[in-house]
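Chains as they are written, first to last, in the UniProt record's numbering: chain P, 1 to 418; chain B, 1 to 418.
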């Protein structure tokens, strides 16, 4: 197979399909989504069987346990996949919304209309549930999509693709609205991320290695984040009980998520009172503490934190801790070592809260709340295609709105420019 | 000079300065802008003299007349430059605005805060007025900027830079908020557009050749447009007087602007009545007509339009004309040959107007108005750094808002995730 030609063909078909799905009404899109969910439920056994084929092959090939775990699809996981698609059907349709119409001195009315981006390329690891999820979000937001999942999931992904096409057909929509790459040749990715003429945005979903590789090579804009090195800063005069509760949740609720806190900054004035109970709580939960010299003087179990520790997303029960002068040094530390993802302050001081919100250069900035809230569902977006630490376009959790754009519309009555 | 080190140094200083200007209050920024305007007025003679040095050198080097014209700065142009900076001072400050605050079931309040992008790189031709204009827009929107103007304008640009720095200093702001590249070495551009770690967005201002070159090489996101192949489509049953007036203005008011109409589509049902008077008007104004066979049957002076003509931004008194079946074919033509910049329909039919607005995939879509209105000032943005035909982030005319982004803010009371 000539891979470049194959990807070009996917791109041309996606571009043509994008015109059709962009003008499809909400009823047709929701009908398709509900039909896809019903087909997934109906074919649950077949999907699990296709997945078993993938899992067996991956195990023989020696895929590591964590990846095997993400690849495996149980009957419950299939049911959750169908439910996820139905939830997307139930969300409001962002497409076509007109806002900010204002009459100008020339007589024209100028406003904005929300429209799909066009063609979205999704590149992800061997997680079959992402296939249904990403297809549903792109479809609902009026975009054509090209889905390239990890090669280990190929059988299950193709089985899901057939059900997506069945659902699209039942709503009178062409199958090319959602194209699932049918070859495992890795060269597909290289072409997809450079095909500016047919792909409007790439969303990589997967580990840091994947995203870093794509960032280095992509010519198409990406909605992505590389790292989630999130901080909690406990300010002078914070409520200590609240600080303990927030740090516990932000660090220990889940270790592998991008909105988990990886670093703790504590104002010097309360380090003596806060650090011992906090360290006891973390140690009880099995979290390793890597601290600055002041931290180590107060916490015997802490090892020394390196520069690299402060810059790390551990994704593990490890936390770096530093005692700082106060809010100025905390903000400087976060903007220097952080990843512009999500950072929180615990404070009772109004001016400190406002300053932290303004000056921390991150996609999500929080006062007196756990960083774990940085999530499309918790923010009320109803769904999430990913989280962006880029500054242009969508920033933070990205839902349906982030898969759309606003064009300008002008409503005139024959006005010409003077 | 080691150019890569020099650009890295510019980047590091810009990043540091971006933290300072991001938190500067509106008073300080406006004070700096007014001081810059005053300094420009005061030093008008010196600026004209520095410019004369540039113009003389460029003329000796054989720079072509159109470029010499854009390079030349008269005393009136200096006054206009100062006035432009004062106008930016008078605009509302977008930074810090909080919107969409909503309480979530968990108890947290989630909203968005408008913040600067960080560091903006502006790459432009030898037009000294752009130096003051771009510096003012970046400063007001809370961004640090790195300005790289065409090498022929180096003396005048350095003279303007000194006045910008004087204005910044008078407001207590560091000069590194606006850095004007001091070498004419072209290698600067190559490094600047790849320095992702220190530059958040590149805005190229200049001709198609410049933008195309940067697009091919940039690693930093760009706010740009390549072409302005704008269309007017005259629909069945349009008001013919209105159609004539709009086409005249859209095509002939100015030939060299990106929002000038380059192509005219006419519904077959009114071609016989509209084309003869329209061709007479265009011919009277010296506009060359390149048409489809049906057009040529009605307009004897029309030559044959090629595929390339339909895809061209002429920037000249030339227009391509095609008779189409109706709105469906018009939309298809525009989405195929157009540049996603600005397209207008002339119609009295409500459904056609709505369909055109929804389905034409362009940054600005207009009903019964001249494409010439696609402009930051006409849209009420108060200023314009450029026009974008990209779909992500800012689309269409880009003012202060397009130089900012929105981060999420969470206001909690100790909430943790369950």
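C-beta atoms are modelled at their ideal positions from N, C-alpha and C, and glycine is treated no differently.
How many angstroms separate the CA atom of residue 175(B) from the CA atom of residue 30(B)? The residue labelled residue 175(B) in the question sits at position 175 within the second chain. The residue labelled residue 30(B) in the question sits at position 30 within the second chain. Approximately 15 Å between the Cα atoms of the pair.
Which residue from 267(P), 310(P) and 103(P) puts its Cα closest to that of residue 325(P)? Here residue 325(P) refers to the residue found at position 325 of the first chain. Nearest C-alpha to residue 325(P): 267(P).
Find out if the Cβ-Cβ distance for the pair residue 407(P), residue 396(B) is shorter than 8 Å. By one-based count along the first chain, residue 407(P) stands at place 407. By one-based count along the second chain, residue 396(B) stands at place 396. Contact: yes.
Could you tell me how far apart the beta carbons of residue 148(B) and residue 110(B) are, in whole angstroms, since I believe they sit closer than 8 Å? Mapped onto the second chain, residue 148(B) falls at position 148. Mapped onto the second chain, residue 110(B) falls at position 110. Not confirmed; about 39 Å, so no contact.
What do you reckon, are the CB atoms on residue 228(B) and residue 313(B) nearer than 8 Å? In the second chain, residue 228(B) corresponds to position 228, counting from 1. In the second chain, residue 313(B) corresponds to position 313, counting from 1. Their beta carbons are under 8 Å apart, which means residue 228(B) touches residue 313(B) by this criterion.
Count the other C-beta atoms from every protein chain shown that fall within 10 angstroms of the C-beta of residue 2(B), then say buried if there are 16 or more, exposed otherwise. Translated into positions along the second chain, residue 2(B) becomes position 2. Exposed, by the Cβ-count rule.
Residue 249(B), DSSP secondary structure in three states: Counting from 1 along the second chain, the entry for residue 249(B) is found at position 249. Helix at residue 249(B).
Can you tell me which of the three DSSP states residue 301(B) falls into? By one-based count along the second chain, residue 301(B) stands at place 301. In the structure shown, residue 301(B) sits in coil (DSSP, three-state: anything other than H, G, I, E or B).
Simplified DSSP assignment, three categories, for residue 318(B): Along the second chain, read from residue 1 onward, the residue named residue 318(B) stands at position 318. It is a strand residue.
Can you look up residue 392(P) in the DSSP assignment and give me helix, strand or coil? Your numbering for residue 392(P) matches position 392 in the first chain. Here residue 392(P) sits in coil by DSSP.
Counting only the same chain and skipping the five closest in sequence on each side, list residues whose C-beta sits under 8 Å from that of residue 271(P). Stepping through the first chain from its first residue, residue 271(P) is reached at position 271. Correct list, in chain order: 294, 295, 298 and 323.
Can you find a CB in chain B that lies within less than 8 Å of the CB of residue 186(P)? As a working mapping, residue 186(P) is identified with position 186 in the first chain. Chain B contact via Cβ: absent.
Below 6 Å CB to CB, which residues in the same chain sit around residue 220(P) once its five sequence neighbours on both sides are set aside? Position 220 of the first chain, counted from the start, is the residue given in the question as residue 220(P). Result list for residue 220(P): 193, 196, 199 and 202, in chain order.
Express the C-alpha separation of residue 390(P) and residue 15(B) in angstroms, rounding to a whole number. As a position in the second chain, residue 15(B) is number 15, starting the count at 1. As a position in the first chain, residue 390(P) is number 390, starting the count at 1. Taking the straight line from one Cα to the other gives about 15 Å.
Establish whether the CB of residue 263(B) and some CB of chain P are separated by less than 8 Å. Numbered from 1 along the second chain, position 263 holds the residue referred to as residue 263(B). Taking Cβ atoms only, chain P never reaches closer than 8 Å to residue 263(B), which makes this a no.
Short-range partners of chain P found in the segment 138-161 of chain B, where Cβ spacing is below 9 Å: none
Beta-carbon of residue 66(P) versus every beta-carbon of chain B: anything under 8 Å? Position 66 of the first chain, counted from the start, is the residue given in the question as residue 66(P). No, no contact with chain B.
Could you name the residues of chain P that residue 177(B) contacts, counting a contact when the two beta carbons are closer than 9 Å? Stepping through the second chain from its first residue, residue 177(B) is reached at position 177. Under the 9 Å cutoff, chain P gives no residues; its nearest Cβ is about 16 Å from residue 177(B).
Contact list for residue 368(B) against chain P, beta-carbon separation under 7 Å: Position 368 of the second chain, counted from the start, is the residue given in the question as residue 368(B). Under the 7 Å cutoff, chain P gives 412, 413 and 414.
Nearest to residue 404(P) by CA position, among 414(P), 413(P), 393(P) and 412(P), is which residue? Stepping through the first chain from its first residue, residue 404(P) is reached at position 404. It is 393(P).
In three-state DSSP terms, what is residue 225(B)? Numbered from its first residue, the second chain carries residue 225(B) at position 225. Residue 225(B): coil per DSSP, three-state reduction.
What residues from chain B crowd round residue 194(P), counting only those whose CB sits closer than 9 Å? The residue labelled residue 194(P) in the question sits at position 194 within the first chain. Those within 9 Å of residue 194(P) in chain B number zero; the least Cβ separation is about 11 Å.
Can you check which of these residues, 206(B), 71(B) and 55(B), is closest to residue 128(B) by C-alpha distance? Position 128 of the second chain holds residue 128(B). The shortest Cα separation from residue 128(B) among 206(B), 71(B) and 55(B) belongs to 71(B).
Helix, strand or coil at residue 233(P) [DSSP, three-state]: For the purposes of this step, residue 233(P) is taken as residue 233 along the first chain, with counting starting at 1. Here residue 233(P) sits in strand by DSSP.
DSSP three-state call for residue 397(B): helix, strand or coil? Your numbering for residue 397(B) matches position 397 in the second chain. DSSP places residue 397(B) in strand when its eight states are reduced to three.
Using 8 Å as the threshold, is the C-beta distance between residue 423(P) and residue 238(P) below it? One cannot answer for residue 423(P) here, as it falls past the ends of chain P, which runs 1 to 418.
My assumption, with CB atoms under 8 Å, is that residue 414(B) sits in contact with residue 245(P). Please give the rounded CB distance. Counting from 1 along the second chain, the entry for residue 414(B) is found at position 414. Counting from 1 along the first chain, the entry for residue 245(P) is found at position 245. Confirmed, about 6 Å.
Proximal residues of chain B, C-beta to C-beta of residue 221(P) below 8 Å: For the purposes of this step, residue 221(P) is taken as the residue at position 221 of the first chain. Going along chain B in sequence order, the residues near residue 221(P) (Cβ under 8 Å) are 221, 390 and 392.
Consult DSSP for residue 147(P) and reduce its assignment to one of helix, strand or coil. Residue numbering aside, residue 147(P) sits at position 147 when the first chain is read from its first letter. Residue 147(P): strand per DSSP, three-state reduction.
Under a CB-based cut-off of 8 Å, is residue 399(B) close to chain P? Numbered from 1 along the second chain, position 399 holds the residue referred to as residue 399(B). No, residue 399(B) does not count as interfacial toward chain P.
How do the segment 96-114 of chain B and the segment 354-370 of chain P stand: do at least 3 beta-carbon pairs fall below 8 Å, yes or no? yes
Rounded to the nearest angstrom, how far is the Cβ of residue 94(P) from that of residue 114(P), given a contact under 8 Å? By 1-based counting over the first chain, the position of residue 94(P) is 94. By 1-based counting over the first chain, the position of residue 114(P) is 114. Residue 94(P) to residue 114(P), Cβ: 5 Å. Contact.
Specify, as a first and last residue, the run of the beta strand (DSSP E) that residue 307(B) falls within. Within the second chain, the letter at position 307 stands for residue 307(B). It is not in any beta strand (DSSP E) - residue 307(B) instead sits in the alpha helix (DSSP H) that spans 307-310.
Given the structure, does residue 16(P) come close to the ligand GTP, in the sense that its CB is under 7 Å from one of the ligand's heavy atoms? No copy of the ligand GTP appears in this structure; indeed no ligand is present at all.
Using a Cβ-Cβ cut-off of 8 Å, state whether residue 104(P) counts as contacting chain B. If you number the first chain from 1, residue 104(P) lands on position 104. Yes, contact with chain B.
Please return the same chain residues whose Cβ sits closer than 7 Å to the Cβ of residue 331(P), not counting the five positions on each side in sequence. Within the first chain, numbered from 1, the residue matching residue 331(P) stands at position 331. Around residue 331(P): 356, 359 and 360.
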